[in-house]
Amino acid sequence: RTFSTNILGLRLLIIPSQKNLVFIGSLQFRVLLGECSIFGFKALPSKEEKWIHACSYRCGSALMYFETGSIPIRSCDVEDVLSQFGIRDSASQVTALSFHVGAVLLVRPAVAKELPFEQSEVVEMFYGSEEVLKNGTPIVPSAVIPNTKCEDLLFYPSSDMKLVSSSILQECVQLGLQKLFVVLACGAAGVGKSTLLRFIVNGLLSIGVEPFLMDLDTGQSEFCLPGCLAVKKMRFPLIGPPFGRFMNDPDLCYFFGEASPAGRPQVYLQLISELFRQYTDKISSGILLVNTNGYVVGLGAEILMEIVKVLKPDRVLVLSNVIECRDDDNPTELRKLLEPLVNVKLLRTSHCKLGTKGTLNNARLRDVQIASYMFRDSSCLKQLYSKKPFVVSWNKLYVADTSQKIQREFLMYGLNGCLVALCHVPANIAQEMLHEDVDDVLSLVILNLVLDLFIDNPLNVGIYLQEELIDLHSNEEIQPRMERGY
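Position 468 (the sequence shown) corresponds to 468 in UniProt numbering; numbering is contiguous.
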């Protein structure tokens, strides 16, 4: 549940124990009571006014979620916090909560540090002028609401992934003080290698351990600039978008210049060997996490074997996605090839990607980042990217905005760019939600709608906005109504 506070722009967020909250957008949060994890990073209460910035954006990044532990907070402590922020009838409101509280957060909207082209586009989309940005006006509103599990729609870490990341954390802590402990993640594209490493990095940072990350995937920009091989000491949790340029200033870096090593495998391997030699000349103990590319068949498998021979990792994690099966996702064969060389652990993941129609894929993202680096004028980059958001099956989602009211003319754009929370709505209570008295909330139950509005089939949409119902019955009606400000 969210509560308006006596401080403008802040919301008090109460999350049940052993539950999670999923959101899109950008916010800053403080933990007031309990504890919660965000992508494996454990956030704890602090006496200081310590704000953590987390964001997930529409151009290809995964949705973010908070997850609470199993230890409930005493009701009297929650009541005390509610009263501190001027929330009336706090006792009755807490009593009305039908769950054990796992964490109490203070949240506020925040503008994400987008790349120049993204920043310009968001401002233009909402306000039509970059002058707004210069005046420091917030670009997007915020929204947060607890949700039930939506594994079929959103990324949610499997129990196997949690178990493996936990065991790797223990080994890293035990052995990383004595020697150089190397963990390598491999597998086909999209199986969750980068996500698993995120969990491990964040878990280590939560206990005060700063690992090194070696990124050997030149075809993406998850941890490093495109086309580069790099090593970076991780000092901050990875809770922003994948393309947040965490490794813009790597400790060691070599430029390879191609998205795949297939064209020049020998040069690729020579650069890896030299990168590792320079690293081990400076570092003799600690933790090194290695991210590899998704090229794992044919020549790709041979290159991976050579990488293993050079790095001599203590643990190799072979990942396979059981939901999105690919022809090159053959973990059994890969395991047979690597087991004579190293200790191999097979990890099956079970997450599915959001639709990527119209969003920035890795190839387009590489183009945009390189162009953004070379050309500071963002106007010349607009042909390289799309305004379209994620393509999601919205019929199972309840979308709520708990911030300041969105002006009518920005309504559909607001759904595209603002921070929203997603929660599963059973069909039998979807209609009941529309008749609830929700304070300062934009409530939507959307039937078979995607936000890019490029649908040929007729649709029926109910939009509940401040006790007013607007029905859109066909795609042809949407554009005229948007032009009139509906």
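Glycine included, every Cβ here is placed at the ideal spot set by N, Cα and C. No experiment lies behind these values; they were computed from the predicted model shown.
Could you check what DSSP says for valine 191 in three-state terms: helix, strand or coil?
Here the question's residue 191 lines up with position 191 in the sequence shown. DSSP places valine 191 in coil when its eight states are reduced to three.
Could you check whether proline 72 and serine 4 sit closer than 8 Å to each other, using their CB atoms as the reference points?
In the sequence shown, residue 4 corresponds to position 4, counting from 1. In the sequence shown, residue 72 corresponds to position 72, counting from 1. No. Outside cutoff.
I believe serine 167 touches phenylalanine 199 by the beta-carbon criterion, under 8 Å. Please report the beta-carbon distance rounded to the nearest angstrom.
Start at 1 with the first residue of the sequence shown, and residue 167 comes out as number 167. Start at 1 with the first residue of the sequence shown, and residue 199 comes out as number 199. In fact, because the Cβ distance is near 12 Å, the residues do not count as touching under 8 Å.
In chain order, what residues of the same chain lie with their CB nearer than 7 Å to the CB of proline 426, ignoring the 5 residues before and after it?
Looking up residue 426 in the sequence shown gives position 426. The predicted model places proline 426 with a pLDDT of 42, which falls under 50 and marks its position as unreliable; any figure quoted below should be read in that light. Hits under 7 Å: none found.
So, at 6 Å on beta carbons, what are the nonlocal neighbours of arginine 1 in its own chain, with the 5 sequence-adjacent residues on each side left out?
Start at 1 with the first residue of the sequence shown, and residue 1 comes out as number 1. Counting only Cβ-Cβ distances below 6 Å, and skipping sequence neighbours, we find Ile14.
Report all residues from its chain with a CB closer than 8 Å to the CB of phenylalanine 212; omit the five preceding and five following residues, and keep chain order.
Numbered from its first residue, the sequence shown carries residue 212 at position 212. The residues are Val231, Lys232, Lys233, Met234, Asp251, Tyr279, Ile283, Gly286, Ile287, Leu288, Leu289.
According to DSSP, is asparagine 321 helix, strand or coil?
For the purposes of this step, residue 321 is taken as the residue at position 321 of the sequence shown. The answer is strand: DSSP assigns asparagine 321 an E or B state.
Cutting at 6 Å between CB atoms, please list the residues of its own chain near cysteine 228, excluding the five before and the five after it.
Residue mapping note: residue 228 aligns to position 228 of the sequence shown, counting from 1. Cβ within range, chain order: Cys253, Phe255.
Would valine 78 be called buried (16 or more neighbouring beta carbons within 10 Å of its own) or exposed?
Residue 78 sits at position 78 when you count from the first residue of the sequence shown. Buried.
Bounding residues of the alpha helix (DSSP H) (the contiguous stretch that carries isoleucine 272):
Residue 272 sits at position 272 when you count from the first residue of the sequence shown. That run of the alpha helix (DSSP H) goes 265-282.
Spatial neighbours of aspartate 314 within its chain, please: CB distance less than 6 Å, with the 5 preceding and 5 following residues excluded, ordered by chain position.
Numbered from 1 along the sequence shown, position 314 holds the residue referred to as residue 314. For aspartate 314, where only same-chain residues beyond five positions count, the Cβ hits under 6 Å are Phe181, Val182.
Cross-strand partners of alanine 43 (DSSP beta bridge):
Within the sequence shown, numbered from 1, the residue matching residue 43 stands at position 43. According to DSSP, which records beta bridges pairwise, alanine 43 is partnered with Cys36.
For phenylalanine 39, I'd like the list of residues in its chain whose CB is within less than 6 Å of its CB, leaving aside the five on either flank, ordered along the chain.
Counting from one through the sequence shown, the residue named residue 39 turns up at place 39. Answer for phenylalanine 39: Arg198, Asn202, Ile239, listed in chain order.
Report yes if the CB atom of leucine 347 is closer than 8 Å to the CB atom of methionine 161, and no otherwise.
Translated into positions along the sequence shown, residue 347 becomes position 347. Translated into positions along the sequence shown, residue 161 becomes position 161. In this structure, methionine 161 lies closer than 8 Å to leucine 347 by Cβ.
So who's on the other strand from valine 107, going by DSSP bridges?
The residue given as residue 107 occupies position 107 in the sequence shown. The partner list for valine 107 (beta bridge, DSSP) reads Arg11, Phe29.
If you count every other CB in all the chains shown that lies within 10 Å of the CB of glutamate 49, and 16 or more means buried, which is it?
Locating residue 49 in the sequence shown gives position 49, counting from the first residue. Exposed: under 16 other Cβ atoms inside 10 Å.
Specify the secondary structure class of lysine 230 as computed by DSSP and reduced to three states.
Reading the sequence shown from its first residue, position 230 is the one you call residue 230. It is worth fixing the name first, because residue 230 is alanine in this sequence and not lysine. In this structure, alanine 230 counts as strand in the three-state DSSP scheme.
Report the partner residues of serine 260 according to the DSSP bridge assignment.
Sequence index remark: in the sequence shown, residue 260 carries index 260 (1-based). Bridge partners of serine 260: none, in fact.
Can you tell me whether DSSP reads leucine 216 as helix, strand or coil?
The count along the sequence shown starts at 1 and reaches residue 216 at position 216. Coil, per DSSP.
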